[in-house]
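Protein chains: 2
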Amino acid sequence: MNHQWRIAARPEGRVKESDFVWAEEPIPTLNDGQIRVRTVYLSLDPTNRIWMEPADSYLPALPLGAVMRGLTLGVVEESRNPAYQPGDAVQGFGGWQEVYSGDADGWTKLPQIPGVPLAAFFGSMGHIGFTAYFGVMDIGQPKPGETMVVSAAAGAVGSIAGQIGKIAGCRVVGITGSDEKCDWIKRELGFDEAINYRNEKVGEALARTCPNGIDIDFENVGGEIMDAVLGRLNLGARIALCGLISQYNATAPVPGPYNFSNLLMRRARLQGFLVLDYAARFGEAAARIVPWLLSGQLKYQIDMVEGLRSAPTALNRLFDGANQGKLLVRVSSEA
Amino acid sequence: MNHQWRIAARPEGRVKESDFVWAEEPIPTLNDGQIRVRTVYLSLDPTNRIWMEPADSYLPALPLGAVMRGLTLGVVEESRNPAYQPGDAVQGFGGWQEVYSGDADGWTKLPQIPGVPLAAFFGSMGHIGFTAYFGVMDIGQPKPGETMVVSAAAGAVGSIAGQIGKIAGCRVVGITGSDEKCDWIKRELGFDEAINYRNEKVGEALARTCPNGIDIDFENVGGEIMDAVLGRLNLGARIALCGLISQYNATAPVPGPYNFSNLLMRRARLQGFLVLDYAARFGEAAARIVPWLLSGQLKYQIDMVEGLRSAPTALNRLFDGANQGKLLVRVSSEA
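For the record, the sequence lines run as chains A and B. Positions 3 to 337 (the numbering used here) are the ones given, in order, by the first sequence. Positions 3 to 337 (the numbering used here) are the ones given, in order, by the second sequence.
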């Protein structure tokens with residue numbers, strides 16, 4: 003039997019376990035061209051909350067009763083597709099279930115890179131690392147000596163984005179929600195400064211840590227934190243708008259930043275982006291990231307949750323700021 | 003004697019005549035390198051309101067008591083600068099006064115183009131036409147068949163921007179505040195559709211007039227009008243953020259657009275800009291605009307106010323939406 007989490011209700015605000023139903027169904031036989039993948043890791047991302055909404059977002063809305071959409075890393079167990087062999091490591095939209103059985107569209111075979119464990123494809127490459135890479139390098143257009151601010155800097159994308167900013171020669175300031183996270187991004191990841199938004203007013207902290215203003219904002223959060231960043235933009239600043247996690251649980255319309263007019267006054271460029279739009283350039287990103295990873299220039303941390311049953315409650319860790327690094331659910335063992 | 007409007011107080015909300023004081027001073031003798039310019043036309047622009055604020059904006063704040071900053075077209079009456087001769091037509095920051103006497107920095111000699119009257123340098127070239135040109139062509143990156151929306155479409159910049167959008171092959175929809183203006187931009191300027199925001203909900207009107215969504219927003223207004231436009235953005239849309247006139251008179255902080263998150267969902271690019279940043283490319287813009295002007299492809303209208311005394315009250319015409327086309331004050335006669 004294949005166990006699954008299916009969407010049972012549209013969440014109001016925070017996700018509750020009762021918004022899902024734990025289901026099981028027999029594992030079907032494969033048709034020609036199809037593959038069967040055992041889920042090893044399920045990626046939990048803030049955008050999962052968007053996928054539960056009744057309206058289409060950048061992906062079609064999921065109907066009630068559907069298996070929850072999720073990015074997974076897994077191992078091919080059975081294949082009726084000549085491009086895949088049992089034992090292949092693969093990544094795709096496997097969903098919140100133990101076994102995916104279906105078409106191979108949208109699945110990618112992962113290369114075996116000595117020294118790079120399977121989980122790294124979610125920790126520092128794949129959608130996470132590539133998001134950070136294109137946001138910093140393509141939209142941020144970093145120049146050595148510039149100041150870059152990263153919100154949710156101890157999160158999966160933020161922690162990688164800040165390190166790529168450092169590699170590009172920027173002074174990098176991270177905003178996080180705990181002293182422990184501040185400590186981690188400074189000591190382990192090499193951020194120049196860290197701000198705990200729960201302890202200090204972000205505007206004042208930015209005035210202290212960004213005396214020469216802000217050239218690049220890698221924005222994951224929105225709301226008051228982004229507003230404070232927009233208040234200190236330099237002329238010609240770039241904002242890589244990656245996420246707005248502060249408003250994904252909102253139950254009423256959320257106003258945009260009060261410092262919106264600064265985008266005009268400072269002639270800033272703001273670009274919303276999704277990593278899926280860069281699919282044609284994933285090879286370029288991987289070719290840059292892998293050497294950084296192997297040399298230790300780029301570090302990542304996995305925040306592992308055990309067992310598919312935990313997925314609904316674990317998802318809220320992202321919105322509580324409880325995770326440090328990439329939040330994954332271990333659904334089965336690698337070997 | 004030289005008559006002037008000097009700043010007497012910081013406006014609260016709308017500008018009042020009492021925020022200025024009518025002053026006179028003797029015309030000074032010139033030093034080496036200086037020029038004396040008789041003001042012919044004073045340009046009134048929404049950004050004048052920003053210049054009255056106590057804080058620095060994209061230009062330094064003006065101290066109380068200073069001659070009000072203003073862009074002017076004039077005629078050189080006396081010159082101790084070898085680059086200028088009496089009779090030269092010039093453009094510069096002459097200020098709200100009858101005569102400018104001072105350094106030649108920032109002044110530009112205007113070419114004599116047969117068929118192009120002096121006022122055209124404010125109506126369709128100079129800061130107005132160049133703002134429209136770079137906003138549409140550089141930031142908007144128009145492709146034939148795309149849909150472009152222009153707010154304040156019967157204003158100085160908006161009316162030119164929409165026509166440049168048409169020249170670039172776009173379907174152009176203008177938003178204005180009266181039926182007369184709607185009529186003008188459709189019949190005279192060739193806009194495809196016009197929306198009177200005082201008669202119709204802008205969101206509904208955009209759904210009707212932009213059935214294929216919006217690819218380019220030439221944004222002059224902000225507030226609810228911009229919010230409605232952001233609600234219908236296509237994937238990869240571009241927003242040329244030129245002005246936010248709806249909030250220049252605000253006396254309390256103004257929230258950003260409620261549809262801000264659509265910039266992320268639709269992967270839109272928003273670029274704030276000021277024409278002064280494009281100074282190095284003004285020649286390119288002029289070379290494109292002059293033929294359009296001479297061939298009649300690009301039309302402009304001057305909304306003329308008589309006499310420097312009228313400037314403070316005339317400024318509010320911009321915020322009331324009373325002007326159609328470029329608002330100028332005639333300070334003295336061309337000849």
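Note that CB positions come from ideal geometry on N, CA and C, so glycine has one too. None of the values given here were measured: they were computed from a predicted structure.
So, does the CB of residue i fall closer than 9 angstroms to a CB anywhere in chain B?
i, result
"A/S263", "yes"
"A/Q249", "yes"
"A/L44", "no"
"A/L320", "no"
"A/G245", "yes"
"A/G224", "yes"
Below 9 angstroms between beta carbons: does that hold for residue i and residue j?
i, j, result
"A/V151", "A/V231", "yes"
"B/G258", "A/N251", "no"
"A/N83", "A/Q36", "yes"
"A/A1", "A/L66", "Because chain A spans 3 through 337 in this model, residue 1 of chain A falls outside it and cannot be assessed."
"A/F124", "A/K328", "yes"
"A/L310", "A/V277", "no"
"B/G142", "B/G167", "yes"
"B/P48", "B/G245", "yes"
"A/A69", "A/G97", "The displayed chain sequence assigns Val, not Ala, to residue 69 of chain A. For A/V69 and A/G97, yes; Cβs fall inside 9 angstroms."
"B/E100", "B/R8", "no"
"B/A287", "B/G171", "no"
"B/D217", "B/N198", "no"
"A/R319", "A/V307", "yes"
"A/E19", "A/Q6", "no"
"B/R16", "B/E79", "no"
"A/K301", "A/E190", "yes"
"A/V138", "A/A163", "yes"
"B/G192", "B/L208", "no"
"A/P54", "A/D21", "Looking at the sequence provided, one finds Met at residue 54 of chain A rather than Pro. Going by C-beta atoms, A/M54 is nearer than 9 angstroms to A/D21."
"A/Q249", "B/S263", "yes"
Against chain A, with Cβ distances strictly below 9 angstroms, would residue i count as a contact?
i, result
"B/V160", "Here the sequence assigns Gly to residue 160 of chain B, which means Val is not the residue at that position. For B/G160, the answer is no, since every Cβ of chain A falls outside 9 angstroms of its Cβ."
"B/G137", "no"
"B/L1", "The question about residue 1 of chain B has no answer, for chain B in this structure spans 3 to 337."
"B/G167", "no"
Compare the C-beta of residue i with all C-beta atoms of chain D and state if any pair is closer than 9 angstroms.
i, result
"A/W7", "No chain D appears in the structure shown, which is made up of the protein chains A and B."
Interface positions of the segment 288 to 304 of chain A facing chain B (Cβ-Cβ less than 9 angstroms), listed along the chain:
none
Output, in sequence order along the chain, the residues in the segment 254 to 281 of chain A whose CB is closer than 9 angstroms to any CB in chain B.
P255, V256, P257, G258, P259, Y260, N261, F262, S263, N264, L265, L266, M267, R268, R269, A270, R271, L272, Q273, G274, F275, L276 and D279
If you measure beta-carbon to beta-carbon, which residues of the segment 50 to 71 of chain A are closer than 9 angstroms to chain B?
I52, S59 and Y60
Could you run through the segment 199 to 211 of chain B and flag, in chain order, every residue whose CB is less than 8 angstroms away from some CB of chain A?
none
Interface positions of the segment 231 to 243 of chain B facing chain A (Cβ-Cβ less than 7 angstroms), listed along the chain
L243
Three or more C-beta pairs under 8 angstroms: does that hold for the segment 164 to 178 of chain B against the segment 265 to 275 of chain B?
no
Pairing CB atoms from the segment 107 to 119 of chain A with CB atoms from the segment 281 to 297 of chain A, are three or more of them under 8 angstroms?
yes
Identify every run of the alpha helix (DSSP H) within the segment 195 to 235 of chain B, keeping only runs that are complete inside it and at least 4 residues long; order them along the chain.
204 to 211 and 225 to 232
Taking a cut of 8 angstroms between CB atoms, which residues from the segment 29 to 43 of chain A lie near chain B?
none
Would you be able to state if there are at least three C-beta pairs under 8 angstroms between the segment 239 to 246 of chain A and the segment 227 to 244 of chain B?
no
Would you be able to state if there are at least three C-beta pairs under 8 angstroms between the segment 145 to 159 of chain A and the segment 204 to 222 of chain A?
yes
Under 8 angstroms: do the segment 60 to 75 of chain B and the segment 31 to 49 of chain B share three or more Cβ pairs, one atom per stretch?
yes
Mind pulling the beta strand (DSSP E) runs of 3 or more residues that sit fully within the segment 65 to 151 of chain A?
74 to 81, 91 to 94 and 101 to 105
Which runs of the alpha helix (DSSP H), 4 residues or longer, sit entirely within the segment 243 to 297 of chain A?
264 to 267 and 284 to 297
My parser needs the beta strand (DSSP E) runs of 3 or more residues fully inside the segment 295 to 337 of chain B; what are they?
304 to 308 and 328 to 332
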